[in-house]
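Numbered according to UniProt numbering, the sequence shown spans residues 1 to 641.
Shown next, in structure tokens, is the structure this report addresses.
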Amino acid sequence: MARAQLSAESVVDGRVPQALALSPDGRWVAYVVAPVGRAADHPVSELWVAAVDGAGSPRRLTSGAAHDSAPRWATDSLLIYFLSDRAERGTAQLHRVGLVDGVVEAVTCWAGGISGHLPLADPDLVVVIAADEPSAEDEHRDAERDDARVWGERLRPDRLRLLDVRSREVRTPEAFGDRHVAEVAQRPDDGILAVLTWSTPDVDPGLLEPGLHLLDPDSGVTRDLGPAAADASSLVWWPADDGWHLAYVAKTPPTLVGGHAVLDVAVPLNGPVGEHRNLTAGTTFCPSALVQVDAGPPLVLVADGLDTAIHRLDPVGPNLVEVSRVDGLATSLTTSRHGDAVAAVVSTPYEPGNVHAGPTRGPLTTLTDLRPELRGIRWGVQERLSYQAADGLTLDGLLILPAGRSPEDGPFPLVTLVHGGPYGRYADGLQLSWYPSGQWLASAGYAVFLPNPRGGQGHGHDFAVRVAGAVGLDEWTDIRTGIDLLIADGVADPDRLGIGGWSHGGFMAAWAVGQTDRFKAAVMGAGISDWGMLAATGEEGLFEAALGGSSGWEGTGPHRHDRLSPISYASKVRTPVLILHGENDTNVPVSQAEYFHRALRRFGAEHQYVVYPRENHSIRERNHQLDVLRRTRAWFDRWLG
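In structure tokens form, the structure reads like this:
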């Protein structure tokens with residue numbers, strides 16, 4: 001039987017699971033299914049539920065005509081609360097649906113919408129997180145277009161509110177001032193809420209200035225626990241011998257560049273809180289998320305090399321103990337009340353992401369089959385790589401060869417795709433996505449090298465921090481070493497090399513072509529050309545300054561970031577470059593692409609500059625995703641043959 005061909009449509013028209021939530025009793029998993037590409041102005045998605053034991057088929061709970069998201073179970077495991085914009089597209093309200101009867105009911109009609117929620121142990125109470133409703137003055141000013149924006153004025157931080165689902169009364173405790181509420185976790189024994197806030201709704205400096213607080217939902221009494229580490233998230237309670245603790249994931253203090261850590265702080269009933277202890281110091285893996293367990297230590301989702309593991313905090317022995325492992329990529333970990341069952345989205349080398357569930361110690365059972373159209377595809381051959389950097393550092397990555405081919409069939413035209421971040425990684429899952437991806441190019445006859453250079457996730461903080469103030473230096477040497485090894489092994493044709501990537505991968509492509517002319521084609525997707533300008537205009541300015549080593553306001557220069565910016569080497573570029581960027585990118589503003597385009601035009605370098613209207617850092621619209629796929633492959637075809 002003939003095998004199906006991988007088309008651009010089969011990539012972007014697929015459906016992916018996300019936002020998993022396991023019921024407290026461990027019997028059911030709720031999840032969201034969304035298309036890869038958005039066909040209209042607003043995204044759409046559906047809410048589904050499946051039995052953890054695999055009995056029966058998954059059941060769709062909502063129609064998919066609106067954007068349904070963030071499912072959370074009530075404590076009785078019979079109701080699911082979720083956000084939906086079905087009443088007004090683009091404005092989410094809290095809804096709930098019964099597991100048995102499937103009846104959907106709107107719970108809020110808050111002007112401006114709801115951004116987050118958490119059903120509490122009291123079945124009549126739900127935390128909702130929302131900005132203040134617009135005042136009459138706000139509406140008048142908007143109507144009159146009297147909308148000058150003054151920095152620091154008219155801020156609308158998200159606030160914590162308590163919703164009585166019987167009376168629909170909403171109470172807003174006088175707590176936290178004008179700090180922006182980011183996360184809430186409830187203590188299992190007495191219902192006290194731990195609240196993670198930012199100093200401002202803006203990512204910079206809000207993400208750099210998080211704080212921890214307590215709130216008694218009954219009395220309204222609050223307690224300030226002081227600052228948390230930068231980029232704090234995934235807040236959970238857990239019981240230890242000395243009482244209750246809070247744990248969270250954040251950048252390893254005191255750096256803004258490096259690996260994430262699990263940080264833990266004791267919260268006594270009276271007296272000062274303890275110090276924030278790093279429970280993952282010295283480890284060679286990277287925690288990505290914590291999941292609260294009511295009666296014991298939390299679970300920790302861990303990036304470990306090319307694989308993913310589930311750990312548990314251990315208050316007695318080593319701080320983290322591995323419980324089970326997934327050979328490939330696992331995301332969206334969720335657990336039951338007692339921590340004896342888990343669910344996650346799992347992808348392996350030739351299988352797309354699907355919902356898996358089972359006992360915490362494994363094995364997990366596949367519950368969904370969301371992309372049956374891919375079953376007939378003959379995938380490129382994916383292999384794990386391990387090699388030594390020039391300074392002896394152990395590195396890993398992936399190699400994908402065209403379907404049915406082996407290294408002995410080389411040399412092949414080789415495209416190197418660099419991941420984003422730089423704190424990202426390639427796990428050993430299916431490499432198929434709308435941006436330049438391994439299987440998409442392998443289906444056209446290319447060998448594809450997916451390196452995990454220093455600075456990335458999965459090998460601990462010491463591995464990740466090596467790019468602080470030094471992007472493009474040793475990490476480029478790591479990538480170049482891998483390419484040279486593939487050439488020496490007869491896999492890669494040295495005369496047909498390409499390089500590309502998105503975000504930090506786009507930076508590395510722009511950097512590479514300014515350092516060497518060995519590449520015949522490059523793709524710079526949403527990449528950085530000038531670190532100083534990114535520190536000044538990107539939404540994560542101080543993080544970018546820490547990567548580039550300096551900012552433009554530190555004197556007359558030359559600055560360290562000048563030496564690390566591709567724009568400084570634009571006059572040396574001889575490689576044809578395809579530049580792709582979203583017009584409304586707030587992470588890496590389109591001025592980065594415009595700057596590189598103008599420089600290449602000035603020096604007469606072959607290039608094509610493409611801007612996608614309405615798009616932010618990630619390309620979401622279906623037709624734009626199709627264009628990225630087709631244009632990228634056509635670019636490499638043109639120059640690599």
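Cβ coordinates follow ideal geometry from the N, Cα and C atoms, glycine included.
For LEU207, the closest C-alpha among the options ARG375, LEU640, ARG598 and GLU539 is that of GLU539. For MET524, the beta-bridge partners assigned by DSSP are GLY501 and ILE579. Taking a contact as a CB-CB distance under 8 Å, the pair LEU370 and ARG38 does not count as one, their CB atoms being some 17 Å apart. For THR197 and TYR31, the gap between their C-alpha atoms comes out near 26 Å.
Distance from the CA atom of PRO239 to the CA atom of PRO298, rounded to whole angstroms, is 9 Å.
Of all C-beta pairs linking the stretch 347–355 to the stretch 314–332, three or more are shorter than 8 Å, placing the two stretches in contact. Using a 10 angstroms sphere on the CB of ASN452, the tally of other CB atoms reaches 16 or more, which defines it as buried. Look at ASP327 here: in three-state DSSP terms it is coil, with no helix or strand label.
Taking each of ALA281, ASP76 and ARG631 in turn and checking the Cα distance to VAL465, the smallest one comes out for ALA281. Exclusion of the five residues before and after LEU542 leaves ASP204, PRO205, LEU208, LEU256 and ALA535 as the residues of its chain whose Cβ lies within less than 8 Å of its Cβ. In terms of Cβ geometry, TRP434 and LEU629 form a close pair [threshold 8 Å]. Nearest Cα to GLY64 within the set ALA599, LEU547 and SER84: SER84. According to the DSSP assignment, TYR595 belongs to no beta strand (DSSP E) but to the alpha helix (DSSP H) extending over 591–602. Residue ranges of uninterrupted beta strand (DSSP E) with 3 or more members, entirely inside the stretch 375–456 and ordered along the chain, are 381–388, 394–401, 412–418 and 447–452. With fewer than 16 other beta carbons inside 10 angstroms of its own, VAL316 counts as exposed.
If you draw a straight line from the Cα of SER386 to the Cα of GLY501, it is about 21 Å long. DSSP places PRO201 outside both helix and strand once states are collapsed to three, so it counts as coil. Look at ASP478 here: in three-state DSSP terms it is helix.
Bounds of any alpha helix (DSSP H) do not take in SER336, whose DSSP letter is neither H nor E. Boundaries of the alpha helix (DSSP H) harbouring THR537: 531–537, taken from the DSSP string. DSSP places HIS461 in no beta strand (DSSP E) but in the uninterrupted alpha helix (DSSP H) bounded by 461–464. Sequence-distant Cβ neighbours of PRO407 in its own chain, meaning closer than 6 Å and more than five residues away, are VAL491. Counting only runs of at least 3 residues, the stretch 163–200 fully encloses the following beta strand (DSSP E) elements, listed from N- to C-terminal order: 180–186 and 193–198.
Non-local beta-carbon contacts of THR91 in its own chain, meaning distances under 8 Å to residues more than five positions away in sequence, involve ASP85, GLY112 and GLY113 in chain order.
Within its own chain, the residues whose Cβ lies closer than 7 Å to the Cβ of PRO134, once the five positions on either side in sequence are excluded, are ALA111 and GLY112, listed in chain order. Inter-residue distance for VAL610 and ARG187 is about 50 Å (C-alpha atoms, whole angstroms). The beta carbon of ASP202 sits closer than 8 Å to the beta carbons of GLU539 from its chain, once the five residues preceding and following it are set aside; these are given in chain order. Pairing TRP28 with VAL52 gives a Cβ-Cβ distance under 8 Å. By the neighbour-count criterion, in which a residue is buried when 16 or more other Cβ atoms sit within 10 angstroms of its Cβ, ASP530 is buried.
A residue is called buried when at least 16 other Cβ atoms come within 10 angstroms of its Cβ; HIS140 does not meet this threshold and is exposed. Relative to GLU383, the option among GLY376, ASP396, ARG159 and GLU373 whose CA is nearest is ASP396. Across the structure, TRP553 and GLY532 are spaced so that their CA atoms are roughly 9 Å apart.
A distance of 8 Å or more separates the beta carbons of GLU88 and HIS95. The DSSP-derived three-state label of TYR248 is strand. Excluding its 5 nearest sequence neighbours in each direction, VAL321 has C-beta neighbours in its own chain below 7 Å: HIS311, ARG312 and ASP314, listed in chain order.
Taking a C-beta distance under 8 Å as the contact criterion, LEU212 and LEU246 qualify as a contact pair.
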